[in-house]
Amino acid sequence: MNKRMNQIGFSQRVRLEWFEQTANLVMAGNDRTVVNETLQNLLQDKVSVGGQAERGNREKIITILLKTWMTPPKELESLRIAGLDLLKRIPRKNHMVVHWGMVSAVYPFWAGVAVQVGRLLRLQGTAAAAHVQRRVREQYGERETVHRAARRVLRSFLDWGVLQETDQKGIYKGSKEFPIDDADLIAWIVEASLHARPNPSSPLHDLLSGPSLFPFKIKTVHAETLAAASPRLDILRHGMDEDLVMLKEKGN
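Each residue of the sequence shown is one higher than the one before, counting from 1 in our numbering.
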């Protein structure tokens, strides 16, 4: 898991509807070849139009889409299956929550950028791209790849509708928070958030209101509700009134 935490991986501007279409293809039972070919056709007039590079932006985007919903790291397979099950039954307006959680788990860099955006929005109501960039580079290193990837994640946030442009160039504001009150969905996004953290345990309050989930307003729930909704979460009473939520170890 530590290796995943230090990787960038998410280096393209990827639209929400492309994740939705990928998940739909997977849920329909298509194999990797069919999904890949369908995504190639979908993106051919949208990304790298006319490009012949072996690893152009289109191929990199498709790699991100496939790794998120078809071939995630082994430790995320249960999360993926549960996420697909949620997509089948929850209202379409809530699908973004599931895509956000799965991307965060597969690519913690996405969650890392979200943390910095969420903190700035909470502190001052806006987030400057330059400030986000500086904080992300402090964590991941002063590399051009980090700068470029952070910029594309921010553009993805705009595409997804969770950030909005302001009158000042490079200054963003948050959109209206999306409410989440489904207990199964809350348990799942908590699990996904734990997978995006170096330490797979956290106080419940920090998970429900953490800056990496800045686009969402998550209903307050009891720890026991989360444990009942997900067999992959464990709860530890930490002090008099604080519950620690953690990923259940394999075999338990």
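Even glycine gets a Cβ: it sits at the ideal position worked out from N, Cα and C. These figures come from a predicted structure and were not determined experimentally.
Which residues share a DSSP beta bridge with residue i?
i	result
Phe216	Phe178
Ile171	Ala128
Glu17	Answer is none; Glu17 lacks a bridge partner.
Ser202	Val245
Gln116	Looking at the DSSP assignment, Gln116 forms no beta bridge with any residue, so it has no partner.
Glu77	Glu77 pairs with nothing; no bridge assigned.
Gln164	Lys173
Ile235	Val245
In angstroms, rounded to a whole number, what distance separates the CA positions of residue i and residue j?
i	j	result
Pro179	Leu42	31 Å
Ile90	Gly210	23 Å
Gln40	Ala223	43 Å
Asp167	Thr71	41 Å
Arg80	Arg232	13 Å
Ile8	Val146	7 Å
Arg58	Lys217	33 Å
Leu244	Leu194	11 Å
Lys219	Leu208	8 Å
Arg135	Ala127	12 Å
His238	Gly83	29 Å
Trp160	Glu249	33 Å
Ser230	Trp110	24 Å
His205	Pro198	18 Å
Tyr140	Asn6	7 Å
Gly29	Gly56	27 Å
Mapping DSSP to helix, strand and coil, what is residue i?
i	result
Met5	helix
Gln12	coil
Glu142	coil
Val49	For Val49, the predicted model reports a pLDDT of 48, less than 50, meaning its position is unreliable; a value from the coordinates is still stated below. Residue state, collapsed to three classes: coil.
Asp31	coil
Met70	coil
His195	helix
Gln44	coil
Look at residue i and residue j and say whether their C-beta atoms are less than 9 Å apart.
i	j	result
Leu154	Phe214	no
Leu247	Ser212	no
Ser11	Arg152	yes
Pro108	Arg4	yes
Ala227	Ala105	no
Ala150	Gln124	no
Asn94	Leu185	yes
Ala130	Trp69	no
Thr38	Gln21	yes
Leu66	Val35	yes
Q: Would you check if there are 3 or more beta carbon pairs closer than 8 Å linking the region 107-120 to the region 17-25?
A: Because the criterion of three Cβ pairs below 8 Å is not met, the region 107-120 and the region 17-25 do not touch.
Q. On the three-pair Cβ rule with 8 Å, is the region 55-71 touching the region 164-178?
A. Below 8 Å, too few C-beta pairs join the region 55-71 and the region 164-178 to call them touching: fewer than three.
Q: Evaluate the contact criterion for the region 94-109 versus the region 187-202: three or more CB pairs, one atom per stretch, below 8 Å.
A: They touch, by the three-pair rule.
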